[in-house]
Amino acid sequence: MAEALLPIMLRVAGKKCVVVGGGEVAAQKVKQLIECSASVVVVSPTLCDELKEMANQGRIQWLPMRYEPSVLDGAFLVFACTQDAEVNRRVFCDCEARKVWCNVADVPELCSFIMPSILRRGDLVVAVSTSGNSPAFARKVRLFLEDIIGDEFGMLAALLGEIKEEMRQSLKTIEQRREFIERVWESDVWRYLREGDFESARNCLRKCLRDVVASSQV
200 MAEALLPIML
210 RVAGKKCVVV
220 GGGEVAAQKV
230 KQLIECSASV
240 VVVSPTLCDE
250 LKEMANQGRI
260 QWLPMRYEPS
270 VLDGAFLVFA
280 CTQDAEVNRR
290 VFCDCEARKV
300 WCNVADVPEL
310 CSFIMPSILR
320 RGDLVVAVST
330 SGNSPAFARK
340 VRLFLEDIIG
350 DEFGMLAALL
360 GEIKEEMRQS
370 LKTIEQRREF
380 IERVWESDVW
390 RYLREGDFES
400 ARNCLRKCLR
410 DVVASSQV
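Numbering of the sequence shown is given in my numbering, commencing with residue 200 and proceeding in unit increments.
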């Protein structure tokens with residue numbers, strides 16, 4: 200059994216994230232970082248076409264050079280994605296010495312964190328991991344979930360965010376919050392969301408909220 204890993208969600212907006220390597224694997228990591236508004240620095244003598252376009256658009260900072268430890272200065276996260284195993288190992292060891300989190304692509308033992316396969320539906324984020332045992336299997340599971348978890352899940356997450364303060368004020372206990380979600384889950388909110396009737400969906404959420412408050416006062 201693989202070592203147990205702690206799943207977390209990191210805020211990387213505006214933080215320096217270094218990607219060492221300029222190929223397709225590096226491009227995949229860069230896209231995920233940009234999606235989260237990270238400040239991305241790519242270190243590589245050459246870039247694949249996709250990364251070249253990002254550099255030309257000013258979406259990433261490109262350092263056209265071979266890896267040197269100095270590129271890690273001020274880094275929050277580091278990804279080593281070169282085709283040279285020795286370079287990747289050096290990046291990891293340098294990060295360990297600096298106490299910077301590092302991920303070496305496809306080498307779990309050289310990772311202080313593992314990147315899961317990610318499914319996004321608006322504000323809803325589902326991360327699938329095999330603890331580094333098989334990224335390909337994690338991707339397959341994520342593709343399976345894509346057919347089950349539709350856009351309405353993300354829409355509901357956004358609406359719950361809209362009434363978050365009302366929920367905090369009205370639902371004082373964990374039991375009430377769980378009951379509220381159970382009522383929402385069994386309600387007609389899914390139909391309203393699929394039909395694009397967001398006002399009815401909001402009203403449905405507020406009715407569930409009132410019902411939970413009323414039931415707790417009985």
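Glycine is no exception: its CB is placed at the ideal position from the N, C-alpha and C atoms.
How many whole angstroms separate the CB atoms of S236 and C216, which I take to be in contact at a CB cut-off of 8 Å?
Going by Cβ atoms, the distance from S236 to C216 rounds to 10 Å, so no, they are not a contact pair.
Provide the residue span of the beta strand (DSSP E) that contains L318, from first to last.
316–320 is the span of the beta strand (DSSP E), which, as asked, contains L318.
Select from R376, W389, S386 the residue whose C-alpha is nearest the C-alpha of V412.
Nearest of R376, W389, S386 to V412, Cα basis: R376.
Rank R265, P268, I380, K228 by C-alpha distance to the C-alpha of E249 and give the top, closest one.
Checking every option, the nearest Cα to that of E249 belongs to K228.
Under 6 Å Cβ to Cβ from A212, same chain only, skipping five residues before and after it: list those, please.
Hits under 6 Å: S236.
Quick one, are the C-beta atoms of L359 and W389 less than 9 Å apart?
The answer is no: Cβ separation not under 9 Å.
Tell me where the alpha helix (DSSP H) around K228 begins and ends.
Segment 223–234, the alpha helix (DSSP H) holding K228.
Keeping to the same chain, check which residues put their C-beta closer than 6 Å to that of A225; ignore five residues upstream and five downstream.
Answer for A225: V218, C280, listed in chain order.
Suppose contacts are defined by Cβ-Cβ distances below 9 Å. Is G273 in contact with R319 by that definition?
Contact: no.
Where does C216 fall in DSSP's three states?
Note: C216 maps to strand in three-state DSSP.
Considering only the alpha carbon of each residue, which of L370, M314, K363 lies closest to R401?
Answer by Cα proximity: K363.
Looking at the secondary structure, which residues open and close the beta strand (DSSP E) in which C301 lies?
300–303 is the extent of the beta strand (DSSP E) around C301.
Shortest alpha-carbon distance to M208 belongs to which of A326, Y266, C292, I380?
Of A326, Y266, C292, I380, the residue nearest in Cα terms is A326.
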